[in-house]
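A.B. asks: Structure in structure tokens, see below.
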Amino acid sequence: MFDKILIANRGEIALRVIRACREMGIKSVAVHSTADSDAMHVRMADESVCIGPASSAQSYLNKAAIISACEITGAQAVHPGYGFLSENAGFAQALADHDITFIGPTAQHIRIMGDKITAKETAKELGIPVVPGSAGGVPDVEAALQVAAEIGYPVIIKATAGGGGRGMKVATSPTDLEIAFRTARSESKAAFGNDEVYIEKYLQKPRHIEIQVFGDGKGNAVHLGERDCSLQRRHQKVFEEAPGPCITPTMRSEIGEVCASAMRKLKYIGAGTIEFLYEDGRFYFIEMNTRLQVEHPVTEAIFGIDLVREQIRVAAGLPMSVTQDDLEINGHAIEVRINAEKLPNFAPCPGKVNVFHAPGGLGVRMDSALYGGYSIPPYYDSLIGKLIVHGRDRPEALARLKRALGELIIDGVETSVPLFHMLLAEPDIQNGDYNIHWLEKWLAAQFGS
Ligand code: MV4
């Protein structure tokens, strides 16, 4: 086992990793930008190193500075958290070249899944159901029209280098497709420096269901069920739950086993998330994320597993501490993302937090790096906390969420808390009756825009 791990991240996820390290008797090293000298992760870690100025590009994305921090402190492994360098194959490779362990998948697996066409091809070869569409990239309008004629309209054009919803265009007719194809191509070139695009059948009212997988890198892998993350605004998740309200135990073990088996074939190591669109009882692969996700705590809650501990174990060459048979779902969990932002436009709202009081009690977990008197810097994303509740069933989890939101005090900045109070009053939310378009439609009805 490692004796020292460096956390190449900030905020709540850095605390999350430090906490796992401490429970495992591993020393932790925080890295931070000059804007984060007073941040909680710096205070909570055993040691810290300043790696650059406020801008992420020069600090949390600065590979050389992070590797130097490992050398200076003697950290043997790096946990990347989510975002920043967590899915950067070059970083994973650079660490390997310096004999430092990247706590995550191999550079090769990160690369495969980072390219959306290769990811889809790989998924298909591994037996994972995918959305009908072009076999790989589509070179020109003629080819696009031909694929669309075969699969039927509407279709969606996606950028190979995209992800997170960037560079997508829907087309409902051949005329539409010609324009959409050219626009997608040029936008993709401008945004990612890569103009390759592919085509899929457009699913009109799916849910976003993702399967948590975990491998030991030696051909053993398990699945930890699904999360329903359909409630999104501009491709940002705001509310996530597990298990999915519309997923039966049979469907779960079927798709879960398909995913786990795929990870065994790949000899995948660490945590992964296989994203699907789910419509009319069928799963369609869209992407795989090769990192620990923001919403991992809902899975932890219902399975009683510490995913970060498992990540550290397998990175150190140890086996996972559980087998598939040990993994049983207990109750229902919901996470809401607390962002420093102001309704109705969700404008970022950094600034000084005068008072912070986290909710508590049975089945309540608050992951946050806030403290009273902390100034939220304007340079990073607006996530300032995650409230995770766990109950015996979904109604209990919802009641607990409402109760916990009522206890939460964040004074000084605007947050997304009022949004959650409103959402919890909605029958569709109470009934779990929503898809990927529900939130945007609801917001338009509430606030216009
Ligand atoms: C789709 C789709 C419909 N049909 N693909 C958006 C982000 C990226 N991960 C995939 N996305 C979508 N792909 C097909 N074939 C609709 C979306 C989509 C979406 C997906 C998940 C969650 C929210 C979404 C919001 C708009 C569109």
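Using our numbering, the letters of the sequence shown map in sequence onto residues 29 to 477.
Where is the CB? At the ideal position from N, CA and C, for every residue including glycine.
Small disclaimer: the values here were computed from a predicted structure and weren't measured.
Could you give the DSSP three-state label for Ser-61: helix, strand or coil?
C.D. replies: Strand at Ser-61.
A.B. asks: Buried or exposed for Phe-475, going by 16 or more other Cβ atoms inside 10 Å?
C.D. replies: Counting Cβ neighbours within 10 Å, Phe-475 comes out exposed, since fewer than 16 surround it.
A.B. asks: Out of Glu-254, Arg-292, Arg-47 and Lys-144, which has the shortest C-alpha to C-alpha gap to Ala-227?
C.D. replies: Note on identity: in this sequence residue 227 is Ile, with Ala being the wrong assignment. Minimum Cα distance to Ile-227 is reached at Lys-144.
A.B. asks: Can you tell me whether Ala-105 is buried or exposed? The criterion is at least 16 other CB atoms within 10 Å of its CB, across all chains shown.
C.D. replies: The residue is buried, with at least 16 neighbouring Cβ atoms inside 10 Å.
A.B. asks: Nearest-angstrom Cα distance between Thr-203 and Gly-161?
C.D. replies: Looking at the two C-alpha atoms, the distance is approximately 19 Å.
A.B. asks: Check whether the region 448-456 touches the region 424-436, taking contact to mean three or more Cβ pairs, one atom from each stretch, closer than 8 Å.
C.D. replies: Contact between the region 448-456 and the region 424-436 is present, because at least three Cβ pairs lie under 8 Å.
A.B. asks: When DSSP builds the beta bridges, which residues end up paired with Thr-278?
C.D. replies: The partner list for Thr-278 (beta bridge, DSSP) is empty, contrary to what the question assumes.
A.B. asks: With a CB to CB cut of under 8 Å and the five nearest residues on each side skipped, what residues in its chain are close to Gly-440?
C.D. replies: Closer than 8 Å at Cβ, skipping near neighbours: Gly-379, Lys-380, Val-381, Asn-382 and Val-383.
A.B. asks: Let's test the definition: count the other Cβ atoms within 10 Å of the Cβ of His-107 and tell me whether it reaches 16, buried, or not, exposed.
C.D. replies: His-107 is buried by the Cβ-count criterion.
A.B. asks: Could you check if Pro-234 belongs to the surroundings of the ligand MV4, using beta carbon to heavy atom distance under 7 Å?
C.D. replies: Flag set: Cβ of Pro-234 near the ligand MV4.
A.B. asks: Answer with buried or exposed for Arg-262, where buried requires no fewer than 16 other C-beta atoms within 10 angstroms of its C-beta.
C.D. replies: With fewer than 16 other Cβ atoms within 10 Å, it is exposed.
A.B. asks: Using DSSP with H/G/I as helix, E/B as strand and the rest coil, what is Val-45?
C.D. replies: The answer is helix: DSSP assigns Val-45 an H, G or I state.
A.B. asks: Assuming Thr-129 contacts Ala-343 (C-beta within less than 8 Å), just tell me the rounded distance between them.
C.D. replies: About 5 Å; that satisfies the 8 Å criterion.
A.B. asks: Using 8 Å for Cβ pairs, my map puts Pro-133 next to Ile-239. What's the rounded Cβ distance?
C.D. replies: The pair is not a contact, with the Cβ atoms about 16 Å apart (cut-off 8 Å).
A.B. asks: Can you give me the start and stop residues for the alpha helix (DSSP H) that Arg-71 sits inside?
C.D. replies: Note, Arg-71: alpha helix (DSSP H), 68-72.
A.B. asks: Tell me the DSSP bridge mates of Tyr-226?
C.D. replies: Beta-bridge pairing links Tyr-226 to Lys-186.
A.B. asks: Using a threshold of 7 Å, is the CB atom of Lys-197 nearer than that to any non-hydrogen atom of the ligand MV4?
C.D. replies: The answer is no for Lys-197.
A.B. asks: Should Ala-177 be labelled buried (16 or more other beta-carbon atoms within 10 Å of its own) or exposed?
C.D. replies: Classification for Ala-177: exposed.
A.B. asks: Just checking Lys-229 against the ligand MV4 - is the residue's beta carbon closer than 7 Å to any of the ligand's heavy atoms?
C.D. replies: Under cutoff, so the answer is yes.
A.B. asks: Alpha carbon to alpha carbon, how far is Tyr-110 from Ile-207?
C.D. replies: Looking at the two C-alpha atoms, the distance is approximately 35 Å.
A.B. asks: Can the beta-carbon of Ile-79 be found closer than 8 Å to that of His-60?
C.D. replies: Yes.
A.B. asks: My output table needs one value for Thr-101: the three-state DSSP class, helix, strand or coil.
C.D. replies: Correct three-state label for Thr-101: helix.
A.B. asks: Just to confirm the assignment: which complete beta strand (DSSP E) runs, minimum length 3, are found wholly within the region 359-441?
C.D. replies: For the region 359-441, whole beta strand (DSSP E) runs of length 3 or above, ordered along the chain, are 360-367, 383-385, 392-395, 411-419 and 437-439.
A.B. asks: Mind checking whether Met-279 and Gly-300 have CB atoms under 8 Å apart?
C.D. replies: Result no, Cβ atoms of Met-279 and Gly-300 do not sit closer than 8 Å.
A.B. asks: Does the beta-carbon of Met-348 have 16 or more other beta-carbons within 10 angstroms, so that it is buried, or is it exposed?
C.D. replies: Flag for Met-348 reads buried.
A.B. asks: Report the CB separation of Lys-233 from Gly-180 in whole angstroms; it is logged as a contact under 8 Å.
C.D. replies: Not really, about 16 Å apart at Cβ, beyond 8 Å.
A.B. asks: Answer yes or no: the CB of Val-159 versus the heavy atoms of the ligand MV4, is any distance below 7 Å?
C.D. replies: Yes; taking the cut-off as 7 Å, the Cβ of Val-159 has a heavy atom of the ligand MV4 nearer than that.
A.B. asks: Would you check if there are 3 or more beta carbon pairs closer than 8 Å linking the region 72-92 to the region 38-56?
C.D. replies: Yes, they touch.
A.B. asks: Just to confirm my understanding: we take Glu-338, look at its own chain, exclude 5 residues before and 5 after, and list those with CB closer than 7 Å. What are they?
C.D. replies: Phe-242, Met-348 and Ser-349, listed in sequence order.
A.B. asks: Rounded to a whole number of angstroms, what is the C-alpha to C-alpha distance between Ala-480 and Gly-165?
C.D. replies: Outside the shown range of the chain (29 to 477) lies residue 480, about which nothing can therefore be said.
A.B. asks: Starting from the Cα of Glu-323, find the closest Cα among Asp-354, Ala-249 and Leu-411 and give me that residue.
C.D. replies: It is Leu-411 whose Cα lies nearest to the Cα of Glu-323.
A.B. asks: Looking at the unbroken alpha helix (DSSP H) that takes in Ser-216, where does it start and where does it end?
C.D. replies: Residues 202-220.
A.B. asks: Between the alpha carbons of Ile-46 and Cys-274, how many angstroms are there, rounded?
C.D. replies: Going by the C-alpha atoms only, they are around 35 Å apart.
A.B. asks: When you compare the region 195-202 with the region 147-155, are there three or more beta-carbon pairs, one atom per stretch, that lie closer than 8 Å?
C.D. replies: No: fewer than three Cβ pairs fall under 8 Å.
A.B. asks: For a test of your reading of the model: does the CB of Gly-193 fall under 7 Å from any non-hydrogen atom of the ligand MV4? Yes or no.
C.D. replies: Gly-193 Cβ: within cutoff of the ligand MV4.
A.B. asks: Identify which residue in Thr-211, Ala-103, Ser-114 and Val-77 has its Cα closest to the Cα of Gln-321.
C.D. replies: The shortest Cα separation from Gln-321 among Thr-211, Ala-103, Ser-114 and Val-77 belongs to Ser-114.
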